[in-house]
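*Asks:* Those protein sequence lines, which keep their order, are chains A, B, C and D. When we follow my numbering, the leftmost residue of the first sequence carries the number 5, and every step to the right adds one. When we follow my numbering, the leftmost residue of the second sequence carries the number 5, and every step to the right adds one. When we follow my numbering, the leftmost residue of the third sequence carries the number 5, and every step to the right adds one. When we follow my numbering, the leftmost residue of the fourth sequence carries the number 5, and every step to the right adds one. Glycine is no exception: its CB is placed at the ideal position from the N, C-alpha and C atoms. This structure is a prediction, so every number in the text was calculated from the model and none was measured. Would you mind keeping the following structure in view while I ask a few things?
4 protein chains.
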Amino acid sequence: MNFSMDPRTRKLLEEIQELVEQELYPLESQLETAGVRSLLPGLQEVRKKVRELGYWCPHVPREYGGMGLSLVEHGLVSAVLGRCQLGHYAFNCQAPDAGNMEILIKHATPQQKSTFLQPLLEGQIRSCFAMTEPERPGSNPTWMETSAVRDGPDYVINGRKWFTSAADGSTFAVVMAVTDAAAGRYERASMILVPLETAGFRIVRNIPIMGHAGEDYFSHGEVLFEDCRVPRENLLGAEGAAFKIAQERLGAGRIHHCMRWIGICERAIELMCRRAADRELSPGQPLGSKQIVQRWIADSWTQTQAARLMVLNAAWKMEEDGQLGARKEISAIKYYAANVLQKVLDRAIQAHGGLGVTSDTPLAGFFRDERAARIYDGPDEVHRIVIARELLRPYGLKVTF
Amino acid sequence: MNFSMDPRTRKLLEEIQELVEQELYPLESQLETAGVRSLLPGLQEVRKKVRELGYWCPHVPREYGGMGLSLVEHGLVSAVLGRCQLGHYAFNCQAPDAGNMEILIKHATPQQKSTFLQPLLEGQIRSCFAMTEPERPGSNPTWMETSAVRDGPDYVINGRKWFTSAADGSTFAVVMAVTDAAAGRYERASMILVPLETAGFRIVRNIPIMGHAGEDYFSHGEVLFEDCRVPRENLLGAEGAAFKIAQERLGAGRIHHCMRWIGICERAIELMCRRAADRELSPGQPLGSKQIVQRWIADSWTQTQAARLMVLNAAWKMEEDGQLGARKEISAIKYYAANVLQKVLDRAIQAHGGLGVTSDTPLAGFFRDERAARIYDGPDEVHRIVIARELLRPYGLKVTF
Amino acid sequence: MNFSMDPRTRKLLEEIQELVEQELYPLESQLETAGVRSLLPGLQEVRKKVRELGYWCPHVPREYGGMGLSLVEHGLVSAVLGRCQLGHYAFNCQAPDAGNMEILIKHATPQQKSTFLQPLLEGQIRSCFAMTEPERPGSNPTWMETSAVRDGPDYVINGRKWFTSAADGSTFAVVMAVTDAAAGRYERASMILVPLETAGFRIVRNIPIMGHAGEDYFSHGEVLFEDCRVPRENLLGAEGAAFKIAQERLGAGRIHHCMRWIGICERAIELMCRRAADRELSPGQPLGSKQIVQRWIADSWTQTQAARLMVLNAAWKMEEDGQLGARKEISAIKYYAANVLQKVLDRAIQAHGGLGVTSDTPLAGFFRDERAARIYDGPDEVHRIVIARELLRPYGLKVTF
Amino acid sequence: MNFSMDPRTRKLLEEIQELVEQELYPLESQLETAGVRSLLPGLQEVRKKVRELGYWCPHVPREYGGMGLSLVEHGLVSAVLGRCQLGHYAFNCQAPDAGNMEILIKHATPQQKSTFLQPLLEGQIRSCFAMTEPERPGSNPTWMETSAVRDGPDYVINGRKWFTSAADGSTFAVVMAVTDAAAGRYERASMILVPLETAGFRIVRNIPIMGHAGEDYFSHGEVLFEDCRVPRENLLGAEGAAFKIAQERLGAGRIHHCMRWIGICERAIELMCRRAADRELSPGQPLGSKQIVQRWIADSWTQTQAARLMVLNAAWKMEEDGQLGARKEISAIKYYAANVLQKVLDRAIQAHGGLGVTSDTPLAGFFRDERAARIYDGPDEVHRIVIARELLRPYGLKVTF
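Written as structure tokens, this is what we have:
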């Protein structure tokens, strides 16, 4: 066991953090007040610089033009990028594109790679992932209504999806649809690549999340497929393989999310410490002299440390033993880190008093947007059951959902 | 001891709840997407009906045209109105106007009553309350920068305030400003009535709260006084009496807020129960069959019951023993109910899954807006110290802040 | 609604508290070190005085020689008695005798009353209640193994029970046993009165609870029935009525327990306050000057207040609407108060540092003994399900256990 | 970063666990009912076997006859030993002897080593550590009353100590006493070796902890020094060095304690899983089919994993950067792990129902004894302040205690 970080990685993280602080923090405050569209030109400049410095697509193998980082290394980078809502976008490793890149690299045909993957890797386009449906529980991805029916050389897709994040402005969607309702529970659905200009596809709305519809990359679409027809060559992987591909996508995705949340926590702790040192409750009595504030800081740091070690350990185990071998660890970090995130943000807001709920700091935006962290990619409750199922199996008890 | 509710009150509450559900729930969803201004005509109609039915200004004495309810009775009404974000406004008992009415009734001169109170009671105008300052802790209202200097027949006010709720669209503000910096800590400031059309007054911005600047009644202003001159007749109560008046205002105000939160909790529990009964996790398996969901429901109901009894008890004690005699009880409900509110909303959102964070239900709006409940009118931490101070005094320990 | 206490009750409580503090506190510390047997002579004296003062059997109707208090009034008395582990015993309203008296008064034949009830009311004997079995979940009282088979004029009982509290030294047991295994789930078992000197009855052991086997009244027996034969006249109530009688017994019993716990909480808060005022962390710095200690005190008081109001409200509702009508309220207090108890004791111990875990204060004994409060009379989880079942029924969802 | 365990260590842990399960589990249940004295002969046999197998004194350098494990390795061993209350004793690495060995190795003179250290390493004698005083807060070890006054060739010690663990049956004590009250806060006290047969030394009592006075190794003494005279050669280290030595002792000691607690957690989780699989709530419905029980298991595992990784990381950092460099990490694990321990035991007890509070499983004994874990070696609150102090220093805020 060795908890040290090699000097090369340490240097990389310092450089990236400097970049994030200097280039992205200044743009951040406009995100809430002016929306992301007004920021896109500035972000393009940053992306260009990131690419020149060789930090582009850190999670993507070198042969595809990325940095080729291991899962542990990318996790560490992700924590630094997560300190700012614009971080992952600037480095072209933002969800859902990052996950889409991963499954396209693994499953796409050469033609699909040229059409869909290449411009994504170049940062010329964005993509989205259409799985969750409003009328079906996201926690049960084997039960969905959207269908893709073969009709001659095409699939004809019908259905409604939501939380199709970043659909607004995307060029294509990876769509999960039932191709064989009679098949086994885990073989019913397939992944299909759908250009968004296809007739029959429509973004119904950017869903208002806590009153915020957002726009472009920072949005969550409700989308409709009405006799939406794409050629059968747009099938990604085998027919019936959607569940398996979705699971693959989620494994690394959960590491990415968790480390991003840890980055948010670390930023929140810094803001809380600065506030504690600078704000006075009465002349000469700093906020940080109060024991409760000290407790908030200590608990936040301790829990963030715990989450960080668990996530790195899960990433390491996933690389050693594969996703199935790290099932308990992945479920544990998903719900543990999401809960730490919510608590740390809550404390940081409380420490800021009225200022904490305003958009004058990034805390309120994180708090509002990341309430969903305990829901997406499997709610807390499902992950707890997964862990219990693994632990109870050796005792002969079969846990069902 | 008698926990029964008299039949007259019970009937009143049922009638008001029916009105809220029929007239206000339909308007509620537009509040987030379209803003309150587009709703004002519709709300005017409801207000007219409320007045015709005799429910106008429930907290105001009969001689001033209100229902003349006791604090306990108004608390019960407040819980019903709180079920919808528009409830209190429709009955003309919304904060900060309700509190302003109370202090004007008690302290205003006949001339001030005619100019400021009367149109407020009629619902012709709205008002705001300018106490908290961005550079000073709201938890310490004896330490402020805004000054009102006598200059001939006038006060000249300078300073910056924020969280001046509903300033946008208000006709006047009750402003707390230092009139004698050399006086004792609790006698430095005075309350002054400032028409917002006065030269030197300016609304700098509606502060974005979690990305939502809001408008009109649903907004929180940052306001600036630059050599803002008002006649000395606009002094409310005695010079130096501001702290005392603010405390009076807060006592009943905390009862109102707490009961409003309980109304929100009760609404959230209903939504959670309906969701638990209607949503299926898999065919034939309702969400509510899961033990964790049952636990959320049970804990939410139990804690809301606890909060409700405590608030009613505090209201009762305040009427019996006065505000000072009920100090422990008032501080206890302020922080206890605010924390129950946050937990209940959090569980209700989690029970709704992705839907919970959208604005398709009122839950997300409540969650976002009411994070501040643990901060305004005294943060949790201050109320805990107040209670400890009262409890430790008999043991000879003097607790300081 | 009226939260006032009538002057007569207030006076009664003050007198009883004085008695408890003067007569019982001095005996309390010996309880842990020397065991209850050595205290019995002293306790007899106190019991005599209690009786002379007219406080004997506060929960028992006047016609049976008790004080005839209402459930609410007895609840208030119970909170005062609960401050000391010896309180209820001294007033002859200790569990399980108090519950046994109640069901004997309601269901016993004149002969049974003369044999079993009368000496119990006089305090000449003690009794126990044998329901829970080691191999069956206490939370499911419809599933038990112990049987009572009719044989001529007798019942022959076989089975093993545990947590037969205070069996050691008791004169008789109320035993719940299956008399008709083929009957409906709630009609299988009957209540039978078994003198402990009956052949075939045996106390296997006083179960060590956290290492403490206890003795006499302060013990929990594991008891065995081996062909234990009692006359059929010892049947209490109808055959098959055991479940119904047990439920009746539990309703009021939960009020008694909860108010007893509140008494413990109030004692613990007093001890914590005194410690906070008297203990110095460094010269001149009292423990209570620390904000965390203030928070422990404030939270403990607030939660105890919440529990107290809920229990009194449940007692009131039970008297108004009967036990079924107050089902939600009773389940809510059972688990809520038990959890508050555990938290308050935990904080009080922490505030005492090392002293807190010693038997030099009553806190550690309370902490150790009352861990079971979240288990007996229905564990937390069962009560939560009961509440959810009641709340979800109107929405058409049937909750099963 | 590398989370793998080398095969040698893995094998060692498996062998030790087998030994613990086969040799010590069978003795464990007698510990509560019969006391440790009756077990000593059996334990001697196990100790002999441990020594023959080469596992004796795992934390002691090879040149002193131990296994010479690193702090991380010994931590891993400690977690296995902690599964049983008798584990550390059987391997001669029990507190307080383990810590005493460490400071004797580092600071003792050759003569002291021969007299005190050697028989301790051999397991021929036991020792105790007398620091905490009843009238002074253990959290402030710079404020104590016990004095050691030079008188000719001797020190004359006067004072009262408590929580002198395992004093009963010990051969000598390491005593912390003020030798120069006028010196700086951290230089006032010295460590002195006191044979317990010295005149003037007396064990006043084995302090009852939650009603359990214990005996021999499993006891906590209150001890009195009355003109207790020892030669000045019994000074350990320099005069005035006691605070520094105590701190050194505590650093590694906290790692040992934390890993021991993790062993307890792992045992508790196993017991909870077995109970969940084996116990039926109704025919065919295992306890573990309940979602709340699954949640207890999942949360317990997750939090134990978090604690385990944090402790190993702290041990690693302490070896790399020294105790001062790992100050935040050590404080974090001390309070985090102690709280996890309490929660895991609480859940395991709840999952066992009534059985959980009995001494029929080891859970109740762990629960009772380890409540003190949040108090000894620095209470939660002090460790939180240490962390906040470290985190706030870079922002220019000086945190005081």
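Taking only beta-carbon positions, decide if Ala352/B is within less than 8 Å of chain C.
*Replies:* Not one chain C Cβ lies under 8 Å of Ala352/B.
*Asks:* Our contact map puts Ile268/C next to Phe167/C with C-beta atoms below 8 Å; I'd like the distance itself, whole angstroms only.
*Replies:* With a Cβ gap of about 20 Å, Ile268/C and Phe167/C do not count as contacting.
*Asks:* Have a look at Tyr190/C, Ala217/C, Ala203/C, His356/C and flag the residue whose alpha-carbon is nearest the alpha-carbon of Gly244/C.
*Replies:* Of the candidates Tyr190/C, Ala217/C, Ala203/C, His356/C, the one whose C-alpha sits nearest the C-alpha of Gly244/C is Tyr190/C.
*Asks:* Return yes when the C-beta of Ala186/B is under 7 Å from any heavy atom of the ligand HEM, and no when it is not.
*Replies:* As presented, the structure is devoid of all ligands, the ligand HEM included, so that no description of it is given.
*Asks:* Taking a cut of 7 Å between CB atoms, which residues from the segment 259-280 of chain C lie near chain G?
*Replies:* No chain G appears in this structure, whose protein chains are A, B, C and D.
*Asks:* Among Ala185/D, His78/D, Asn6/D, which residue has its Cα nearest to the Cα of Leu17/D?
*Replies:* The candidate whose alpha carbon is nearest that of Leu17/D is His78/D.
*Asks:* With DSSP as the reference, label Phe95/B as helix, strand or coil.
*Replies:* It is coil, neither helix nor strand.
*Asks:* Indicate whether Gly86/B and Met214/B have their beta-carbon atoms separated by less than 8 Å.
*Replies:* No, these two residues do not count as a Cβ contact at 8 Å.
*Asks:* Are the segment 289-303 of chain C and the segment 112-121 of chain C touching by the rule of at least three beta carbon pairs closer than 8 Å?
*Replies:* Segments in contact, no.
*Asks:* Is it buried or exposed for Ser194/C, if we count other Cβ within 10 angstroms and need 16 for buried?
*Replies:* Flag for Ser194/C reads buried.
*Asks:* On the three-state DSSP scale, how would you describe Gly288/C?
*Replies:* Looking at Gly288/C - three-state DSSP - the assignment turns out to be coil, as it is neither helix nor strand.
*Asks:* Could you say which of Glu49/A, Val179/A, Gly91/A, His356/A lies nearest to Tyr221/A if we only look at CA atoms?
*Replies:* Closest by alpha carbon: Gly91/A.
*Asks:* Give the secondary structure of Met214/D by DSSP, where H, G and I count as helix, E and B as strand, and everything else as coil.
*Replies:* Three-state result, Met214/D: coil.
*Asks:* Cutting at 8 Å between CB atoms, please list the residues of its own chain near Tyr29/B, excluding the five before and the five after it.
*Replies:* Contacts found: Cys88.
*Asks:* May I ask you to report which of helix, strand or coil DSSP gives Asn144/C?
*Replies:* Coil.
*Asks:* Going by the beta-carbon positions, is the gap between Leu121/B and Met105/B smaller than 8 Å?
*Replies:* It is a contact, given that the beta carbons lie within the stated cut-off.
*Asks:* May I have the straight-line CA-CA distance separating Gly225/B from Phe95/A, to the nearest angstrom?
*Replies:* Their backbone Cα atoms lie some 37 Å apart in a straight line.
*Asks:* For Pro383/C, which residues from the same chain have a beta carbon less than 6 Å from its beta carbon, with the 5 sequence-adjacent residues on both sides left out?
*Replies:* Excluding residues within five positions, the ones whose Cβ falls inside 6 Å are Ser143.
*Asks:* Does the count of Cβ pairs from the segment 139-155 of chain A and the segment 203-214 of chain A closer than 8 Å reach three?
*Replies:* As far as the Cβ criterion goes, the segment 139-155 of chain A does not touch the segment 203-214 of chain A, which means the pair count is below three.
*Asks:* Taking a cut of 7 Å between CB atoms, which residues from the segment 297-323 of chain A lie near chain C?
*Replies:* Those residues of the segment 297-323 of chain A that come within reach of chain C (Cβ to Cβ, closer than 7 Å) are Arg299.
*Asks:* With a threshold of 16 other CB atoms inside 10 Å of the CB of Gln251/A, please say whether the residue is buried or exposed.
*Replies:* Exposed: under 16 other Cβ atoms inside 10 Å.
*Asks:* At a Cβ cut of 7 Å, what residues of the segment 34-57 of chain D count as close to chain A, listed as they run along the chain?
*Replies:* So the list is empty, because no residue satisfies the distance condition.
*Asks:* Report the option in Gln34/D, Thr362/D, Arg55/D, Val315/D whose CA atom is closest to the CA atom of Tyr380/C.
*Replies:* Nearest of Gln34/D, Thr362/D, Arg55/D, Val315/D to Tyr380/C, Cα basis: Thr362/D.
*Asks:* By DSSP, does Thr113/B sit in helix, in strand, or in coil?
*Replies:* The answer is coil: DSSP assigns Thr113/B none of H, G, I, E or B.
*Asks:* Helix or strand or just coil, what does DSSP make of Arg372/C?
*Replies:* Helix.
*Asks:* What is the rounded straight-line gap between the Cα of Arg397/C and the Cα of Val348/B?
*Replies:* If you take the alpha carbons of Arg397/C and Val348/B, they lie about 20 Å apart.
*Asks:* Could you name the residues of the same chain whose beta carbon sits closer than 6 Å to that of Gln327/A, not counting the 5 residues immediately before and after it, in chain order?
*Replies:* Counting only Cβ-Cβ distances below 6 Å, and skipping sequence neighbours, we find Gly255.
*Asks:* Using CA coordinates, which residue listed in His356/A, Ser223/A, Met314/A is at the minimum distance from Trp300/A?
*Replies:* It is His356/A.
*Asks:* Whose C-alpha, out of Glu56/C, Ile161/C, Asn210/C, Leu197/C, is nearest the C-alpha of Thr175/C?
*Replies:* For the residues Glu56/C, Ile161/C, Asn210/C, Leu197/C, the minimum Cα distance to Thr175/C belongs to Leu197/C.
*Asks:* Is the distance from the Cβ of Leu108/A to the Cβ of Val64/A below 8 Å?
*Replies:* Against a cut-off of 8 Å, the Cβ pair of Val64/A and Leu108/A comes out as no contact.
*Asks:* Against chain A, with Cβ distances strictly below 8 Å, would Glu385/B count as a contact?
*Replies:* Yes, its Cβ sits closer than 8 Å to a Cβ of chain A.
*Asks:* So which residues of chain C does Lys294/A contact, with C-beta pairs closer than 8 Å?
*Replies:* Here the neighbours are Gln295.
*Asks:* Mapping the DSSP letters down to three states, classify Trp305/A as helix, strand or coil.
*Replies:* Here Trp305/A sits in helix by DSSP.
*Asks:* State buried or exposed for Gln48/C, treating a residue as buried only when at least 16 other CB atoms are found within 10 Å of its CB.
*Replies:* The residue is exposed, with fewer than 16 neighbouring Cβ atoms inside 10 Å.
*Asks:* Reducing DSSP to helix, strand and coil, say where His224/B ends up.
*Replies:* Strand at His224/B.
*Asks:* Classify Cys232/D as helix, strand or coil using the three-state DSSP reduction.
*Replies:* In the structure shown, Cys232/D sits in a strand (DSSP, three-state: E or B).
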